[in-house]
């Protein structure tokens, strides 16, 4: 909240939400103090300074069980896990809800760098409760992401951002270290954001983190403050409103 997710926190505080950091192990009792849990780019201690394989789970089996039980009883989770190693660190938690993370980099192989745009008109941004919002003025028609990862969703989940045939998942041994031998997986139809009703609770999963920040990289704006992605802030608000039950 005081670092790269400061803009995230300020946007939600301006919308009326009370935020506080969660700095302990996840237990059902501890989670009762909040309604919406946000996890962004959690890592196992092994990968904090070393973004290479292996990438163990950031969460113990006991924590995963506690989060599952809390959501089934009415809690809400926004789980954000960027490219490798963050995708690998979140894979076990995501799998407990039926999502299959790929611990790599989701890249548009037809271009080099820049923002990846998803559009309602092209079918890569899906029409659903979250993208339609509470009224026409809250409707999302385009969203931009900045690399990240991708995942497969369970049958009862709803896709928000879906990759087209331009994208492949690169699976390096070390983050950002790509060679001609780096495995490449076609990911057309995989998701970068999706949501799920889970018991009495709700889950939104995102395979990209920078899209919900405000930062500068290589002299340009990246994230919600970029003029290239004017609806990213509204998407975040729509996600939180759905997790809060304000959008049905």
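In this note's numbering, the protein residues as written are 528 to 775. All C-beta atoms, glycine included, are put in the ideal place defined by N, C-alpha and C. All of these numbers come straight from a predicted model, not from anything done at the bench.
Simplified DSSP state of residue i, which is helix, strand or coil
| i | result |
| --- | --- |
| residue 594 | helix |
| residue 748 | strand |
| residue 644 | strand |
| residue 538 | helix |
| residue 659 | helix |
| residue 665 | helix |
| residue 609 | coil |
| residue 738 | helix |
| residue 557 | helix |
| residue 563 | strand |
| residue 573 | helix |
| residue 589 | helix |
| residue 695 | strand |
| residue 764 | helix |
| residue 773 | coil |
| residue 580 | coil |
| residue 622 | helix |
| residue 719 | strand |
| residue 633 | strand |
Short CB-CB distance (under 7 Å) between residue i and chain D
| i | result |
| --- | --- |
| residue 655 | Looking for chain D here will not work: only one protein chain is present. |
Cβ-based burial, residue i [other Cβ within 10 Å; buried from 16]
| i | result |
| --- | --- |
| residue 681 | exposed |
| residue 731 | buried |
| residue 773 | exposed |
| residue 511 | With the chain covering 528 to 775 only, the question about residue 511 has no answer from this structure. |
| residue 529 | exposed |
| residue 710 | exposed |
| residue 643 | buried |
Beta-carbon separation (whole angstroms), residue i vs residue j, contact threshold 8 Å
| i | j | result |
| --- | --- | --- |
| residue 535 | residue 739 | 5 Å |
| residue 641 | residue 697 | About 16 Å; that fails the 8 Å criterion. |
| residue 501 | residue 675 | Missing from the structure shown is residue 501; the chain here goes from 528 to 775 and no further. |
| residue 725 | residue 591 | 13 Å between Cβ atoms; not a contact. |
| residue 617 | residue 606 | 6 Å |
| residue 688 | residue 672 | 7 Å |
| residue 702 | residue 571 | So it is not a contact: roughly 14 Å between Cβ atoms. |
| residue 657 | residue 566 | About 18 Å separates the two Cβ atoms, so there is no contact after all. |
| residue 564 | residue 604 | 5 Å |
| residue 633 | residue 708 | Between residue 708 and residue 633 the Cβ distance is about 19 Å, and since that is not below 8 Å, they are no contact. |
| residue 678 | residue 626 | 5 Å |
Residue i versus the options, residue with shortest Cα-Cα distance
| i | options | result |
| --- | --- | --- |
| residue 557 | 530, 539, 602 and 575 | 602 |
| residue 585 | 561, 752 and 619 | 619 |
| residue 582 | 561, 608 and 604 | 608 |
| residue 668 | 748, 569 and 760 | 760 |
| residue 638 | 564, 692 and 679 | 692 |
| residue 635 | 580, 749, 647 and 713 | 713 |
| residue 762 | 588, 748 and 645 | 645 |
| residue 589 | 569, 686 and 555 | 555 |
| residue 771 | 533, 531 and 542 | 542 |
| residue 716 | 686, 745, 729 and 574 | 686 |
| residue 614 | 733, 750 and 666 | 733 |
| residue 629 | 695, 550, 758 and 551 | 695 |
| residue 568 | 537, 562 and 531 | 531 |
| residue 670 | 754, 547 and 551 | 754 |
| residue 575 | 723, 612 and 677 | 612 |
| residue 752 | 775, 741 and 587 | 741 |
| residue 659 | 775, 549 and 533 | 775 |
Cross-strand partners of residue i (DSSP beta bridge)
| i | result |
| --- | --- |
| residue 628 | 678 |
| residue 724 | 729 |
| residue 743 | 748 |
| residue 757 | BP columns for residue 757 are empty, so no partner. |
| residue 528 | In the DSSP output, where bridge partners are listed per residue, residue 528 has none listed. |
| residue 711 | 697 |
| residue 671 | 644 |
| residue 603 | 563 and 729 |
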